[in-house]
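**Q** Numbering (full-length UniProt numbering), first residue to last: 1 to 162.
Cβ atoms here follow ideal geometry from the backbone N, Cα and C, with glycine treated the same way.
Everything numeric in this text was worked out from a predicted model, so none of it was measured.
Below are the structure tokens for one structure; questions will follow.
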Amino acid sequence: MAVSVRQMSADDAQAFLEVHRAAVHGIAAHDYPPAVISAWAPLPIGDELIQDVRANRDDESRLVAEIGGQIVGIGSLVAKNAEVRACYVVRTASRKGVGSTLLREIERVATELGLSSLQLDSSITAEPFYAANGYEVRERGEHILGSGVPMACVKMYKTIGS
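Laid out in structure tokens, this is it:
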């Protein structure tokens with residue numbers, strides 16, 4: 001089936017969080033200890049977190065990818081930081097072009113906003129995906145999660161819109 005990408009609506013907030021949780025717990029869990037996974041994608045998803053996503057305090061451009069009307073991937077761009085904040089796909093949709101389609105759309109939005117490069121903190125799990133999509137390693141380091149827990153990451157960048 002074809003992948004379609006659209007802007008996230010407020011009604012998609014729970015599905016957005018569910019995709020994030022499914023990707024972290026179902027795909028990235030083999031690369032990180034349980035304490036990091038729990039801090040990165042805490043369960044259950046509560047109403048307060050859903051409201052936080054709807055509030056969009058960082059003014060993210062958020063996208064959802066659908067196959068057959070079901071949300072199977074999410075992406076977000078924080079334009080003020082030229083940062084790809086998220087690109088996650090559920091396991092059942094991985095390796096089907098969903099992530100690459102989302103990332104291309106994030107890059108298109110960034111180019112429309114006048115950005116010439118993007119940066120991101122990749123998980124160890126996602127490094128090969130980003131490298132295959134033209135992102136280069138700047139350095140290996142740590143990303144501090146919202147809860148204050150550090151996780152190993154790969155800081156990457158890409159020049160776009162040329």
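Shortest alpha-carbon distance to S123 belongs to which of I71, R57, E105 and V84?
**A** Numbered from 1 along the sequence shown, position 123 holds the residue referred to as residue 123. It is V84.
**Q** Report the three-state DSSP secondary structure of R6 (helix, strand or coil).
**A** The sequence position of residue 6 within the sequence shown is 6, counting from 1. In this structure, R6 counts as strand in the three-state DSSP scheme.
**Q** Which residues in the same chain have their Cβ closer than 7 angstroms to the Cβ of R138, if we skip the five residues on either side of it in sequence?
**A** Position 138 of the sequence shown holds residue 138. If we look at R138 and ignore the five residues flanking it on each side, its Cβ neighbours are K155, M156 and Y157.
**Q** By the DSSP assignment, the beta strand (DSSP E) with I74 in it spans what residues?
**A** One-based indexing of the sequence shown puts residue 74 at position 74. Here the beta strand (DSSP E) through I74 covers Q70 to V78.
**Q** Please report how far the alpha carbon of I71 lies from the alpha carbon of A2, in whole angstroms.
**A** Position 71 of the sequence shown holds residue 71. Position 2 of the sequence shown holds residue 2. Near 12 angstroms, if we compare the C-alpha coordinates of A2 and I71.
**Q** My output table needs one value for V24: the three-state DSSP class, helix, strand or coil.
**A** Walking along the sequence shown from the start, residue 24 turns up at place 24. V24 falls in the helix class under three-state DSSP.
**Q** Are the region 134–154 and the region 36–44 touching, with three or more C-beta to C-beta distances below 8 angstroms?
**A** The answer is yes - the region 36–44 touches the region 134–154, with three or more Cβ pairs under 8 angstroms.
**Q** Report the three-state DSSP secondary structure of V53 (helix, strand or coil).
**A** Translated into positions along the sequence shown, residue 53 becomes position 53. V53 falls in the helix class under three-state DSSP.
**Q** By alpha-carbon positions, which one of A93, R62 and A22 ends up nearest to R109?
**A** Numbered from its first residue, the sequence shown carries residue 109 at position 109. Rather than Arg, the amino acid found at residue 109 in this sequence is Val. Of the listed residues, the one whose Cα sits closest to V109 is R62.
**Q** Work out the CA separation of I50 and L17 for me, nearest whole Å.
**A** Along the sequence shown, one-based indexing puts residue 17 at 17. Along the sequence shown, one-based indexing puts residue 50 at 50. Approximately 8 angstroms, taken between the alpha carbons.
**Q** For V154, which three-state DSSP category applies?
**A** As a position in the sequence shown, residue 154 is number 154, starting the count at 1. Strand, per DSSP.
**Q** Mapping DSSP to helix, strand and coil, what is I67?
**A** Along the sequence shown, read from residue 1 onward, the residue named residue 67 stands at position 67. It is a strand residue.
**Q** Looking only at DSSP bridge pairs, what is R62 linked to?
**A** By 1-based counting over the sequence shown, the position of residue 62 is 62. Per DSSP, S76.
**Q** Assuming R91 contacts I160 (C-beta within less than 8 angstroms), just tell me the rounded distance between them.
**A** If you number the sequence shown from 1, residue 91 lands on position 91. If you number the sequence shown from 1, residue 160 lands on position 160. Between I160 and R91 the Cβ distance is about 28 angstroms, and since that is not below 8 angstroms, they are no contact.
**Q** Go ahead and pull the three-state DSSP assignment for A86.
**A** Looking up residue 86 in the sequence shown gives position 86. Strand.
**Q** If you draw a straight line from the alpha carbon of R54 to that of E105, how long is it in whole angstroms?
**A** By 1-based counting over the sequence shown, the position of residue 54 is 54. By 1-based counting over the sequence shown, the position of residue 105 is 105. Between R54 and E105, the C-alpha separation is close to 21 angstroms.
**Q** Over the uninterrupted alpha helix (DSSP H) stretch that includes D108, give me the two end residues.
**A** For the purposes of this step, residue 108 is identified with residue 108 of the sequence shown, where counting begins at 1. The residue asked about is misnamed: residue 108 is Arg in this sequence, not Asp. Element bounds for R108: V98 to E112.
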